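**Q** Heads up: take any position in the sequence shown, counting from 1, add 1050, and you land on the numbering used here. Quick one: the structure is below, and I'll ask about it shortly.
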Amino acid sequence: MSIPFLAFGLYFVGWEIYYKEFGSFFVVGILLTLVGGILLAGGIQKRNEDIPQAKCYFHADRDPVEVCYHCGKPLCEECLNKLEDHTYCAECNKEILEERTFVSQIPYKSKTIAILLCFFLWPLGLHRFYLGYSASGILYLITTFFAVILFISTLFYFLTPVIFFFEAVAAIIDLFKIACGKRKDIYGRKLI
């Protein structure tokens, strides 16, 4: 709370000193700096005994050992759920396991199909839709649509090759990423 007071106060004081105008901004700056300093000093003087110590979220009589990686709740030794390298509470652990079960039921995407879609139908962005990246697939579609509209309107027809060039460069990068195994599906799984 005190940092904004100090920051604005010092800003106003510095402004007035720089422009050699010791007017109302200088007074406001001095007051804000004093208020910020008082607030900061009051916050520093607070003793540790005055601050309530955190207890386990699920057991109010136990001291926490760790906190949940997902939600930040303090956890005692009994409430810890280790999953890979992180500690989770029971609620978050259940949620994460349900999400992983859902993702594992979705079939893996084929690298061959993604390469073929990228090579032959790159202006439509179908390879992006296939991998689950709908937003960038829609961007491909909109860009192609506007390029065709610009080509049809004889006023800006010269922009169409420029648009298609940049779209083709993006598709070639996608093609190499898919072929090298760097591009994954929306769930972070490698293509098979």
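Even for Gly, the Cβ is constructed at its ideal location relative to N, Cα and C. Computed from a predicted model, the values in this text were never measured in an experiment.
#1: Can you tell me whether DSSP reads Lys1144 as helix, strand or coil?
#2: Can the beta-carbon of Leu1125 be found closer than 8 Å to that of Cys1139?
#3: For Lys1227, which of helix, strand or coil comes out of DSSP?
#4: So, Leu1174 versus Thr1194, is the Cβ gap smaller than 8 Å?
#5: Can you name the residues that DSSP bridges to Lys1123?
#6: Just verifying my parser: in three-state terms, what is the DSSP assignment at Tyr1190?
#7: Look up His1136 in the DSSP assignment and say whether it is helix, strand or coil.
#8: Keeping to the same chain, check which residues put their C-beta closer than 7 Å to that of Ile1223; ignore five residues upstream and five downstream.
#9: I'd like the list of long-range same chain contacts for Phe1179, defined as Cβ closer than 7 Å, with 5 residues on each side in sequence excluded.
#10: Counting only beta-carbon separations shorter than 8 Å, does Ser1184 have a partner in chain C?
#11: What three-state label does DSSP hand Val1115 in the structure shown?
#12: If you drop the 5 nearest sequence neighbours on each side, which residues of the same chain put their C-beta closer than 8 Å to that of Ala1229?
#13: Would the beta-carbon of Tyr1207 fall within 8 Å of that of Phe1201?
#14: CB-CB under 7 Å to Ala1221, same chain, minus the five flanking residues each way: which ones, in chain order?
#15: Note down the Cα distance separating Glu1116 from Ile1236, rounded to an integer number of angstroms.
**A** In this structure, then:
#1: Secondary structure at Lys1144: helix, using DSSP grouped into helix, strand and coil.
#2: yes
#3: helix
#4: yes
#5: Partner(s): none; Lys1123 has no beta bridge.
#6: helix
#7: strand
#8: Short of 7 Å from the beta carbon of Ile1223, and not among the five residues preceding or following it, lies no beta carbon of its own chain.
#9: Gly1187
#10: The structure shown contains no chain C; it is built from a single protein chain.
#11: coil
#12: Lys1161 and Ile1165
#13: yes
#14: Cys1168 and Trp1172
#15: 31 Å
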